[in-house]
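Notes follow once the structure below has been shown.
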Amino acid sequence: MKSGDHAAIDVLAESSAAVKGKAPLIASQREEKRGLNRGFGIADFLLRLGAIISTIAAAATMGTSDETLPLFTQFFQFEASFDDLPTFLYFVIAMALVGGYLLLSLPFSIVTIVRPIAVAPRLLLFILDTVTLTFATAASGAAAAIVYLAETGNPNTNWLAICDQFEDFCSTVSGAVVASFVTVVVFVVLVILSGFALKRQ
Numbered sequence: 001m002k003s004g005d006h007a008a009i010d011v012l013a014e015s016s017a018a019v020k021g022k023a024p025l026i027a028s029q030r031e032e033k034r035g036l037n038r039g040f041g042i043a044d045f046l047l048r049l050g051a052i053i054s055t056i057a058a059a060a061t062m063g064t065s066d067e068t069l070p071l072f073t074q075f076f077q078f079e080a081s082f083d084d085l086p087t088f089l090y091f092v093i094a095m096a097l098v099g100g101y102l103l104l105s106l107p108f109s110i111v112t113i114v115r116p117i118a119v120a121p122r123l124l125l126f127i128l129d130t131v132t133l134t135f136a137t138a139a140s141g142a143a144a145a146i147v148y149l150a151e152t153g154n155p156n157t158n159w160l161a162i163c164d165q166f167e168d169f170c171s172t173v174s175g176a177v178v179a180s181f182v183t184v185v186v187f188v189v190l191v192i193l194s195g196f197a198l199k200r201q
């Protein structure tokens, strides 16, 4: 056998060894990627559970916010209720819709845990989470503006501060707005997590 044949055999042997050496490395990288994506999926699921709690709390708190001042007679009383203001009514509807979406999104979040490499469910959640984030932010911001006016008033528009009289009402709606902003923050984190996971696909 010629020396050239020996050189060719050596090169082939080295190439085969290199391929065998790279195969476990690629497999380990794939498993690492799969494990990290599964971790993103678990965090996504837990965050959604937390957002469901805060969203339901916001809607329920605002929906039960009413106060009647113990003045005058039973036929002539001052009362404050969330449905007296269209913004607060919109807030309750918006939070109920956001909570419903979060419940419906849980199965898709579970899919990202079971199949961490799947792109379609994560991309769908990313798009819908972004839309819902905008919706929730609009409702929370509008309600926060009304709460601010109720607390401080606005002399230029003759908007009187009512929280000196309706203290319980104002504290209740303020708590609802705070809970809604917790939901907004959770959605921001969800969108960021989905973005990182999609980037690693």
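In the UniProt record's numbering, the protein residues as written are 1 to 201.
Even for Gly, the Cβ is constructed at its ideal location relative to N, Cα and C.
In this text, all values refer to a predicted model and were calculated from it rather than measured experimentally.
Next item on the list: Decide if ILE52 is buried, meaning its Cβ has at least 16 other Cβ atoms within 10 Å, or exposed.
Entry: The residue in question, ILE52, is buried, as its Cβ has 16 or more Cβ neighbours within 10 Å.
Check: Taking the Cβ atom as the reference point for each residue, do ALA58 and ALA138 lie within a distance shorter than 8 Å?
Finding: In this structure, ALA138 does not lie closer than 8 Å to ALA58 by Cβ.
Next item on the list: Please list, in chain order, all residues of the same chain as ARG115 whose beta carbon is under 7 Å from its beta carbon, the five residues on each side excluded.
Entry: Excluding sequence neighbours, ARG115 sits near nothing in its chain.
Notebook entry, point to check: Could you check where the alpha helix (DSSP H) with GLY99 kicks off and where it finishes?
Noted result: Note, GLY99: alpha helix (DSSP H), 86-114.
Check: Under the three-state reduction of DSSP, which class applies to GLN158: helix, strand or coil?
Finding: Here residue 158 is Asn; the residue named in the question, Gln, does not match the sequence. Residue state, collapsed to three classes: coil.
Item checked: For VAL98 and VAL184, the rounded distance between their alpha carbons -> Near 10 Å, if we compare the C-alpha coordinates of VAL98 and VAL184.
Next item on the list: Assign THR112 to one of two classes, buried (16 or more other C-beta atoms within 10 Å of its C-beta) or exposed (fewer than that).
Entry: The residue in question, THR112, is buried, as its Cβ has 16 or more Cβ neighbours within 10 Å.
Checklist line | Proximity winner among LEU36, PHE181 and GLY50, relative to GLY141 (alpha-carbon distances) | finding: Out of LEU36, PHE181 and GLY50, PHE181 has the C-alpha closest to the C-alpha of GLY141.
Next item on the list: Mark GLY100 as exposed unless 16 or more other C-beta atoms lie within 10 angstroms of its C-beta, in which case mark it buried.
Entry: Looking at its Cβ environment, which holds fewer than 16 other Cβ atoms inside 10 Å, GLY100 is exposed.
Notebook entry, point to check: By a C-beta neighbour count over all protein chains shown, 10 Å radius and 16 as the cutoff for buried, is LEU109 buried or exposed?
Noted result: The question names Leu, but residue 109 in the sequence shown is Ser. With a 10 Å radius around the Cβ and a threshold of 16 neighbouring Cβ atoms, SER109 comes out buried.
Next item on the list: Report yes if the CB atom of LEU124 is closer than 8 Å to the CB atom of ARG48, and no otherwise.
Entry: No, Cβ-Cβ distance for LEU124 and ARG48 is not below 8 Å.
Notebook entry, point to check: So, is ALA23 buried or exposed, given that buried needs 16 or more other C-beta atoms within 10 angstroms?
Noted result: Any answer about ALA23 is weak, because its pLDDT of 48 lies below 50 and its placement is not dependable; what the coordinates show is given next. Within 10 angstroms of the beta-carbon of ALA23 lie fewer than 16 other beta-carbons, which makes it exposed.
Margin query: Using only the alpha-carbon positions, how far apart do MET95 and THR61 sit?
Written below: Their backbone Cα atoms lie some 11 Å apart in a straight line.
Item checked: Separation of LEU104 from ASP44, as counted between CA atoms -> Here the C-alpha atom of ASP44 lies approximately 14 Å from the C-alpha atom of LEU104.
Item checked: Straight-line gap, PHE187 to THR134 (C-alpha atoms, nearest Å) -> PHE187 and THR134 have their alpha carbons spaced roughly 9 Å apart.
Margin query: Given a cut-off of 8 Å on the beta-carbon distance, is the pair residue 257 and GLY153 in contact?
Written below: Only positions 1 to 201 of the chain appear in this structure, which leaves residue 257 out of reach.
Next item on the list: Closer than 8 Å by C-beta to LEU198: which residues in its own chain qualify, once you throw out the five before and the five after it? Chain order, please.
Entry: Excluding positions up to five away in sequence, the list reads VAL119, ARG122, LEU123 and PHE126.
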